[in-house]
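Chains as they are written, first to last, in full-length UniProt numbering: chain A, 1 to 351; chain B, 1 to 342.
Where a beta carbon is used, it is the ideal one built from N, C-alpha and C, also for glycine.
Computed from a predicted structure; not experimentally measured.
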Amino acid sequence: MKNLILLYTLLLIVCACTKEGDKVIVSGFEAPTLSSTKTQLDLEEVNAQNLALQIVWQQPVLNASQPISQKAIKNTLQLSVDQNFSTIGRSIDSDASSISYTHEQLNRILLGLGFAPNEGKTLYARVVSKLANNITPLYSNVIPIALKAYQPAENADYLHMSNKDMTQFPWKLCSRNKNGFYDGFVQVDQWYNFYLLDEPSAAASKIYGSYPADNGQYKLHAGDDRWNCWTNNGGYLYISADVNKLEWKEIVISSLSVTGDFNGWSTSANSMTYDAQAKVWKATITTTAPEQWGMKILVNESWSWFFGTAENEGECTLYGADASGFKYDKVGTHTLILDLSDPKAFKYSIQ
Amino acid sequence: MKISKALLTVAYVVLFVSCGNKNEFPDIDPGKEEKNFAKGADIGWITEMESNNVKFYNSAGVQMDGIALLKSLGMNSIRLRVWVNPTNGWNSKEDVLVKAKRAAALGMKVMINFHYSDSWADPGQQNKPAAWVSLSFDQLKSAVNAHTKDVLDLLKKNNIAVGWVQVGNETGNGMLWNEGKADQNMSNYAQLTNAGYDAVKAIYSNAKVIVHIHNGWDNNLFRWIFDGLKSNGAKWDVVGMSLYPSKDNWSQMTEQCISNIRDMISRYNKEVMICEVGLSWDEEAAAEAWLKDLFSKSQAISNNKVLGVFYWEPLAHNNWKGYTLGAFNNAGRPTKALNAFK
């Protein structure tokens, strides 16, 4: 009976159009059939650029009373670690009816979904197919794929920030362009004493302190006669170090604020709060539509210093000049989480 | 099938498309009949391109699935190369199956092109797959047969209708060098061809087997290779050819090609497939004129002896892999060259 009601509803779906002749009769809308090239795979860094997995779905072509676009159907691949898809880890809209991943691409997704390196786990995939807003979406079969992620080699160029006796290394700076300029975000007490080391060990080959003279606080010095560095400020700080110029700087981060269409591009309406235990920033965001220009997170309410778009999904870039916002297409109330703990790549997620 | 599913399947859903743009992307045309003449494209790169975030757009600038876009431009067939054990995974049998499934779902016919190599096989190189290097000649024939069956069996089990199969790619001097090098041992080349032919017929008895040679304008080359194959007992159904002219010589080259086609039909009583064509993407006016001329003259040959024309990798654009003979511009939109396929 339920299905008959559904069918009857489908038959009666009518939307307002201003002209005669806009009505199109469409049949053959069926759920896609999903398959994958592998059901089990151990990802390997040595094969990072090689093809790892392909997921393909087949769906009958729509029959229409007059020419319409096959794009009438919108297909989205959903990936989850939960076979019931109670949480969807990744949704990928696709015009094509297959998606191909290299080992590196898939590994990045798995780590983002919470796979621990070298631990076997099952990824579930399905496709949701939508024809129109007033027609119930159809779901493909679910395919399980047993996968093992790998820990990518850390090829980033870091300076590790140690405490005064070099027994703890709670923060690190990164030279993302490998040009001798390092930066990162730290939370420390005022007058924090530290060194910057090229590896997290007191036996590091390069250990920077400050220049051992008056007014030498912000000058870097790697000689055995170095003094430790120290901050003038406490709290959440942006630290940069230039080993070419042998100098470092500190800037107090007084606020991180989210801005976009949703709040009329306000610089202050949606401040983030810092979760010191998780080392992440959070803000509750309510949107009524996907952000057409993306979202920006302003540092100290500055339009010329903010986090915006990045090449990799789930990452954002720290800009000092004009740039686009990062992708934010969720609608409704969600928590935006910004993770600045690893300056190799600043990450965001939406929950 | 459950009744509910059956009801949904046959349900005629009345919906309204965006008022005013309804015919902007007419890629489903219920009134259009399929023609027997194959109008196709080689799309071996498409999954790798998609993985590298390459996008395709129709002439109105709307992003589309590349295969559906080619279909909307009038194409009814695709051609897929298969490598034995490619290092990077692309064009493996699994990758071929993915592309074949997509094309089949769109109602397009499929041609499979066996290179019998781990990478490109063409007139300049016909390298054996790494796993076959130390095989004896008899073992090599068995490997050709087994690999051909293995790939086609995978496709058949997945309900892919394969219409044509190429045994070797641009084998103007044979394949699987050196044992199968035609100018050194035509008999060996013929035996390897038969190993592939028999495998094709064992899986797809109705598929037509193509022997594909480069330089479709070069009648001397074609006579030499097919005379050699015939005299050594080789089996093939279709003479395949490539044609890559320039904007300055396409007219003359097409005349020579059509003349060669007529000779192949009369000399061997075989059908002909133009398996590969291409011309620089930025000479689209010349490409359009050339392809329309080629279609016209091919289809004018009596008894439908020319089976079709395939453009090689028309989706390639923006210097993808350094290839410049595609039929899409740098913005990822089709050039006028593809008007010939409508």
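Does residue i pass the burial test, meaning 16 or more other C-beta atoms within 10 Å, or should it be called exposed?
i        : result
Lys99/B  : buried
Ser140/A : buried
Lys249/A : exposed
Ala310/A : buried
Asp118/B : buried
Val144/B : buried
Thr148/B : buried
Asn304/B : exposed
Ala300/B : exposed
Ala116/A : exposed
Val188/A : buried
Pro290/A : exposed
Thr193/B : buried
Gln184/B : exposed
Leu338/B : buried
Per DSSP, which residues does residue i bridge with? Please list them.
i        : result
Asn193/A : Trp230/A
His334/A : Ile285/A
Met273/B : Gly240/B, Gly308/B
Thr102/A : Leu51/A
Phe37/B  : For Phe37/B, which the question treats as bridged, DSSP gives no partner whatsoever.
Arg126/A : Gln78/A
Tyr236/A : Gln187/A
Val258/A : Ile297/A
Arg79/B  : Asp42/B, Met111/B
Lys219/A : Glu247/A
How about residue i and residue j: are their beta carbons less than 7 Å apart?
i        : j        : result
Gln40/A  : Ala146/A : yes
Arg79/B  : Asp138/B : no
Ser205/A : Cys229/A : no
Ile274/B : Val309/B : yes
Gly74/B  : Phe341/B : yes
Gly172/B : His212/B : no
Arg262/B : Tyr57/B  : no
Glu284/B : Thr335/B : yes
Ala96/A  : Asp95/B  : no
Ala31/A  : Leu131/A : no
Trp305/A : Gly325/A : no
Val151/B : Val82/B  : yes
Ser280/B : Leu243/B : no
Thr335/A : Lys282/A : yes
Ser51/B  : Ser100/A : yes
Gln66/A  : Val24/A  : yes
Between the Cα of residue i and those of the options, spot the shortest distance and give me the residue it belongs to.
i        : options                                : result
Thr286/A : Trp293/A, Leu298/A, Gly260/A           : Gly260/A
Lys121/A : Ser35/A, Tyr319/A, Asp42/A             : Asp42/A
Tyr323/B : Asp293/B, Lys39/B, Trp45/B             : Trp45/B
Ser35/A  : Pro86/B, Arg102/B, Gln166/B            : Arg102/B
Arg226/A : Pro117/A, Asp214/A, Trp293/A           : Asp214/A
Ile55/A  : Ser65/A, Lys130/A, Ala64/A, Thr76/A    : Thr76/A
Ser142/B : Trp120/B, Ala195/B, Leu176/B, Gln125/B : Ala195/B
Glu301/A : Ala269/A, Gly28/A, Ser80/A, Asn84/A    : Ala269/A
Pro200/A : Gly308/A, Asn163/A, Phe181/A, Gln190/A : Asn163/A
Glu247/A : Tyr236/A, Lys282/A, Asp183/A, Leu256/A : Asp183/A
Asn47/A  : Asn263/A, Val24/A, Val128/A, His103/A  : His103/A
Lys235/B : Lys270/B, Phe222/B, Glu313/B           : Lys270/B
Trp90/B  : Thr47/B, Gly107/B, Val167/B, Asn169/B  : Thr47/B
Ser341/A : Ala276/A, Asp93/A, Asn312/A            : Ala276/A
Could you check whether the Cβ of residue i sits closer than 6 Å to any heavy atom belonging to the ligand HEM?
i        : result
Arg267/B : Summarising the ligand content, the structure contains no ligands, and the ligand HEM is consequently not present.
Does DSSP classify residue i as helix, strand or coil?
i        : result
Trp250/B : helix
Pro26/B  : Caution applies to Pro26/B, whose pLDDT of 37 falls short of 50 and renders its modelled position unreliable; the value that the coordinates give is listed next. Here Pro26/B sits in coil by DSSP.
Lys245/A : coil
Ser65/A  : coil
Ile213/B : strand
Ser266/B : helix
Asp95/B  : helix
Gln125/B : strand
Thr37/A  : coil
Leu7/A   : Because the pLDDT at Leu7/A is just 44, under 50, the model does not fix this residue reliably, and the value given afterwards should be weighed accordingly. Correct three-state label for Leu7/A: helix.
Glu170/B : coil
Lys23/A  : strand
Met111/B : strand
Ser91/A  : strand
Met161/A : strand
Ala116/A : coil
- Message: Residues of the segment 48-65 of chain A in Cβ contact with chain C at a cutoff of 8 Å, in chain order, please.
- Response: Considering every chain present, this structure includes no chain C. Its protein chains are A and B.
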